[in-house]
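Mapped onto my numbering, the consecutive letters of the sequence shown carry residue numbers 4 to 527.
Beneath this line is the structure, given in structure tokens, with notes to follow.
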Amino acid sequence: MKLNIADTFRVKLPADPIMENSRRQVFKSCFSYVTPKKPKAPKLIHAVNEMAMNLGLTETDTQTKSFLDFVSGNQIQANTQPYAMCYGGHQFGHWAGQLGDGRAINLMEVVHNNRRWALQLKGAGETPYSRSADGLAVLRSSIREHLCSEAMFHLGVPTTRSLSLSLSGDEVLRDVLYDGNAAHEKGAIVCRVAPSFIRFGNFEILASRQDHETLRKLTDYTINEYYPHIKAGSKTGYLDFFTTVLQNTITMLVHWQRVGFVHGVMNTDNMSIHGLTIDYGPYGWLEGYDPGWTPNTTDRQFKRYRYGNQAQIGLWNLLQLANALFPLIAEAKPLEAILATYNGIYEEKYLAMMRSKLGLQKTLDTDARLIDNLEENLRLTETDMTIFFRNLGKITATTTITDDASFLKPLEEAFYAFETVKEDVLTAWKNWFTTYTERLAIEDQSSKERVLQMHKVNPKYVLRNYMAQLVIDAADEGDYQLLQDIHEVLKKPYDEQIENEKWFAKRPEWARHKVGCSMLSCSS
Ligand code: AMP
Ligand code: MG
4 MKLNIADTFR
14 VKLPADPIME
24 NSRRQVFKSC
34 FSYVTPKKPK
44 APKLIHAVNE
54 MAMNLGLTET
64 DTQTKSFLDF
74 VSGNQIQANT
84 QPYAMCYGGH
94 QFGHWAGQLG
104 DGRAINLMEV
114 VHNNRRWALQ
124 LKGAGETPYS
134 RSADGLAVLR
144 SSIREHLCSE
154 AMFHLGVPTT
164 RSLSLSLSGD
174 EVLRDVLYDG
184 NAAHEKGAIV
194 CRVAPSFIRF
204 GNFEILASRQ
214 DHETLRKLTD
224 YTINEYYPHI
234 KAGSKTGYLD
244 FFTTVLQNTI
254 TMLVHWQRVG
264 FVHGVMNTDN
274 MSIHGLTIDY
284 GPYGWLEGYD
294 PGWTPNTTDR
304 QFKRYRYGNQ
314 AQIGLWNLLQ
324 LANALFPLIA
334 EAKPLEAILA
344 TYNGIYEEKY
354 LAMMRSKLGL
364 QKTLDTDARL
374 IDNLEENLRL
384 TETDMTIFFR
394 NLGKITATTT
404 ITDDASFLKP
414 LEEAFYAFET
424 VKEDVLTAWK
434 NWFTTYTERL
444 AIEDQSSKER
454 VLQMHKVNPK
464 YVLRNYMAQL
474 VIDAADEGDY
484 QLLQDIHEVL
494 KKPYDEQIEN
504 EKWFAKRPEW
514 ARHKVGCSML
524 SCSS
């Protein structure tokens, strides 16, 4: 097993001089050196071969003991020095002070085929940032991170990746419902991979402490390593950097809306500086189209991080990043001007994305209203988002909009109770499809070409919440076949995969209110 190790973050940025692994506030540093906990009985559950190859490893490498030792934290590689990053964050709208990698340990950076990858173990033990927690992760949440990050990648959504999922062999105590019923669960470790794991919160913590020197170092480092076209060290460079982060964040959020992904905990410590989806916790996928939905039970009251609010939270989080970068720029106006572009850019990208979901190539002023009306109709009765858009291609410019509901037959599967599509609901759909079919008639593309294009943006297979739970239930019993099977399905989310049709179905009723399916806490 040979990796081209090329550490920069820990080499170029200030390290915490204290080497002892005690919980503390860490000042004037970007990270602290730590050693992963030795797992009691490590066992590899699943390795992602494509990811291994990105790092310059082979499929055979992933089957070796040294690979397991590496991705479980059992053995530290030569010439590496693992570390935990220092960051802060705004949690649910409030400044929370120092957070940091409480259970993530960075192993190294690797460069392969001119691409830089940081490798990080999640659940490998305590760090100075663990606060009152244990630094560990349980199997269920690790499966959710492992599978979902790969599913998102194959959907074309910017995301961190997962190289592997292993059992640690240690037991971890968790109170899933926060109701005083703690129980032991299997401990697990995900080795996740990204260009870097730098978050908005890495900048915020330094600004909050008025440590402008380290703030400047971190910002210049990030620009030089990851945005080499931007000139670090100057006011305009910092503004260009902020503009780029804003644009990348919007791109990510529009993808989330496209596939129906709800992150669940969009705190600023969970916002990647690269615009990658990061920290898969109590996330969920829309089943019935409902902008008010969040899977996170901790957010039940205000639903701050609901599907329909993700764009506005993105802007709020960018405002916090702007505040953090302000000391380097010392002028509020240009930062405000960049923030003021957010809604316009978002709306434009969102509209373009929705047009592509509807198979529209031309741009008409009336399209925004068509899309608004569609979103209203999808909420009239419970309608599965994924199935609706996937089957929408079956409606063409020449489809007759009948007086009864028969014109909706091709979309029947999307409705939870098709018989409720009557009276006002039916009228609303008739009106909408009349406008839509007329709109399709203006397009130049053939129906066949249109469907092909629509199927590239409307996935057939997403990681429905209950699918992840089925994988977890089987894995708890030591059966990992379903995990492998579902991983394979999710690698080709836009393909028909007739043999996997059973995953192209509405959530079964048993999963409607089940913990782990529709309700998730932050306990992980
Ligand atoms: P999260 O809500 O998962 O994004 O985590 C927020 C903060 O809590 C981060 O600093 C995490 O590293 C930390 N954290 C979460 N779970 C644990 C844990 N089991 N042990 C130590 N730190 C944790
Ligand atoms: Mg986090």
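Glycine included, every Cβ here is placed at the ideal spot set by N, Cα and C.
Note that the structure is predicted; figures quoted are calculated from it, not measured.
Is there at least one non-hydrogen atom of the ligand AMP closer than 8 Å to the beta-carbon of Val193? Along the sequence shown, read from residue 1 onward, the residue named residue 193 stands at position 190. With a cut-off of 8 Å, the C-beta of Val193 is classified as distant from the ligand AMP, since no heavy atom of the ligand falls inside that distance.
Can you check which of these residues, Cys525, Leu493, Asp293, is closest to Glu153 by C-alpha distance? In the sequence shown, residue 153 corresponds to position 150, counting from 1. Looking at Cys525, Leu493, Asp293, the one whose alpha-carbon comes closest to that of Glu153 is Leu493.
Any heavy atom of the ligand MG inside 8 Å of the beta-carbon of Val141? Position 138 of the sequence shown, counted from the first residue, corresponds to residue 141. False, no ligand heavy atom lies under 8 Å from that Cβ.
Go ahead and label Glu129 buried or exposed: buried means 16 or more other beta carbons lie within 10 angstroms of its beta carbon, across all protein chains shown. For the purposes of this step, residue 129 is taken as residue 126 along the sequence shown, with counting starting at 1. Buried.
Leaving out five residues on either side along the sequence, give the residues of the same chain with a beta carbon under 6 Å from the beta carbon of Ile475. Locating residue 475 in the sequence shown gives position 472, counting from the first residue. Shown here for Ile475: same chain residues with a beta carbon closer than 6 Å to its own, the five before and five after excluded, namely Arg143, Ile146 in chain order.
Under the DSSP definition of a beta bridge, which residues are partnered with Asn109? To locate residue 109, count along the sequence shown from 1; it is residue 106. Partner(s): Tyr86, Gln123.
To the nearest angstrom, how far is the alpha carbon of Met88 from that of Leu170? What you label residue 88 is simply residue 85 of the sequence shown in a count that begins at 1. What you label residue 170 is simply residue 167 of the sequence shown in a count that begins at 1. Cα to Cα, Met88 sits roughly 24 Å from Leu170.
Going along the chain, which residues of its own chain have a beta-carbon closer than 8 Å to the beta-carbon of Leu338, five neighbours each way excluded? Here residue 338 is taken as the residue at index 335 of the sequence shown, counted from 1. Cβ neighbours of Leu338 beyond the five flanking positions: Leu242, Phe245, Ala325, Leu328, Phe329, Ile332.
With Gly204 as the anchor, note down where its alpha helix (DSSP H) starts and where it stops. For the purposes of this step, residue 204 is taken as residue 201 along the sequence shown, with counting starting at 1. Segment 203-211, the alpha helix (DSSP H) holding Gly204.
Suppose the cutoff is 8 Å on Cβ atoms and the five residues either side in sequence are ignored; what does the same chain contact list for Leu395 look like? As a first step, residue 395 must be located in the sequence shown, where it is residue number 392. Closer than 8 Å at Cβ, skipping near neighbours: Lys360, Leu361, Gly362, Leu414, Met457, Asn461.
Taking all protein chains shown into account, decide if Gly263 is buried (16 or more other Cβ within 10 angstroms of its Cβ) or exposed. Counting from 1 along the sequence shown, the entry for residue 263 is found at position 260. Residue environment for Gly263: buried (at least 16 other C-beta atoms within 10 angstroms of its C-beta).
Please tell me whether, using a cut-off of 8 Å, the distance from the CB of Ala186 to the nearest non-hydrogen atom of the ligand AMP is below it. As a first step, residue 186 is located in the sequence shown; it is residue number 183 there, counting from the start. Not so, every heavy atom of the ligand AMP lies at least 8 Å from the Cβ.
For Val537, is the beta carbon positioned less than 8 Å from some heavy atom of the ligand MG? This structure does not reach residue 537, given that the chain is present from 4 up to 527, and the question cannot be answered.
Is any heavy atom of the ligand MG found at a distance shorter than 8 Å from the C-beta of Asn109? Within the sequence shown, numbered from 1, the residue matching residue 109 stands at position 106. Checking every heavy atom of the ligand MG against the Cβ of Asn109, none is found closer than 8 Å.
Expressed to the nearest angstrom, what Euclidean distance is found between the alpha-carbon atoms of Trp319 and Tyr283? The residue labelled residue 319 in the question sits at position 316 within the sequence shown. The residue labelled residue 283 in the question sits at position 280 within the sequence shown. Their Cα atoms are separated by approximately 20 Å.
How far does the alpha helix (DSSP H) with Ile528 in it extend, from its first residue to its last? Nothing can be reported for residue 528, as the shown portion of the chain is limited to 4 through 527.
Alpha carbon to alpha carbon, how far is Thr403 from Tyr464? As a first step, residue 403 must be located in the sequence shown, where it is residue number 400. As a first step, residue 464 must be located in the sequence shown, where it is residue number 461. Between Thr403 and Tyr464, the alpha-carbon positions lie close to 29 Å from each other.
Which residue from Phe507, Asn109, His115, Asn312 puts its Cα closest to that of Leu393? In the sequence shown, residue 393 corresponds to position 390, counting from 1. Here residue 393 is Arg; the residue named in the question, Leu, does not match the sequence. Check the Cα spacing between Arg393 and each of Phe507, Asn109, His115, Asn312: the tightest is with Phe507.
Length at least 4, wholly inside the region 7-59: the alpha helix (DSSP H) runs in chain order: Fully enclosed alpha helix (DSSP H) runs of 4 or longer: 12-15, 52-57.
Is Ser165 helix, strand or coil by DSSP? Taking the first residue of the sequence shown as position 1, residue 165 is located at position 162. DSSP places Ser165 in strand when its eight states are reduced to three.
Can you look up Asn299 in the DSSP assignment and give me helix, strand or coil? Residue 299 sits at position 296 when you count from the first residue of the sequence shown. It is a strand residue.
Beta carbon shell of the ligand MG at less than 6 Å from a heavy atom: Taking a cut-off of 6 Å from the heavy atoms of the ligand MG, the residues with a C-beta inside it are Asp272, Asn273, Asp282.
Would Leu168 pass as a contact of Leu486 if the rule is Cβ separation under 9 Å? Here residue 168 corresponds to residue number 165 of the sequence shown, with the count starting at 1. Here residue 486 corresponds to residue number 483 of the sequence shown, with the count starting at 1. Their beta carbons are under 9 Å apart, which means Leu168 touches Leu486 by this criterion.
Could you tell me the distance, in whole angstroms, from the CA atom of Thr217 to the CA atom of Gln94? For this step, residue 217 is matched to residue 214 along the sequence shown. For this step, residue 94 is matched to residue 91 along the sequence shown. Cα to Cα, the separation comes out at about 23 Å.
Run the proximity test for Gln78: is its beta-carbon closer than 8 Å to any non-hydrogen atom belonging to the ligand AMP? If you number the sequence shown from 1, residue 78 lands on position 75. No, Cβ of Gln78 sits at least 8 Å from all heavy atoms of the ligand AMP.
Does Lys189 come out as helix, strand or coil in the three-state DSSP assignment? Taking the sequence shown and counting its residues from 1, the one referred to as residue 189 is at position 186. Strand, per DSSP.
So the beta strand (DSSP E) His93 belongs to, where does it begin and stop? Residue 93 sits at position 90 when you count from the first residue of the sequence shown. In the DSSP assignment, His93 falls within the unbroken beta strand (DSSP E) covering 91-94.
Identify the residues that DSSP records as bridge partners of Trp513: which are they? Along the sequence shown, read from residue 1 onward, the residue named residue 513 stands at position 510. Under DSSP, Trp513 takes part in no beta bridge, so it has no partner.
Report yes or no: do the region 213-232 and the region 296-312 share at least 3 C-beta pairs separated by less than 8 Å? When C-beta atoms of the region 213-232 are compared with those of the region 296-312, fewer than three pairs fall below 8 Å, so the two segments do not count as touching.
Chain B beta carbons: is any one of them nearer than 9 Å to that of Lys238? Note that chain B does not occur in the displayed structure, where there is just one protein chain.
Grouping DSSP H, G and I as helix and E and B as strand, with all else coil, what is Ala140? The sequence position of residue 140 within the sequence shown is 137, counting from 1. Ala140: coil per DSSP, three-state reduction.
Let me check understanding here. Comparing Cα to Cα, which of Glu480, Gly91, His149 lies closest to Val51? The count along the sequence shown starts at 1 and reaches residue 51 at position 48. Val51 has its Cα closest to that of His149, out of Glu480, Gly91, His149.
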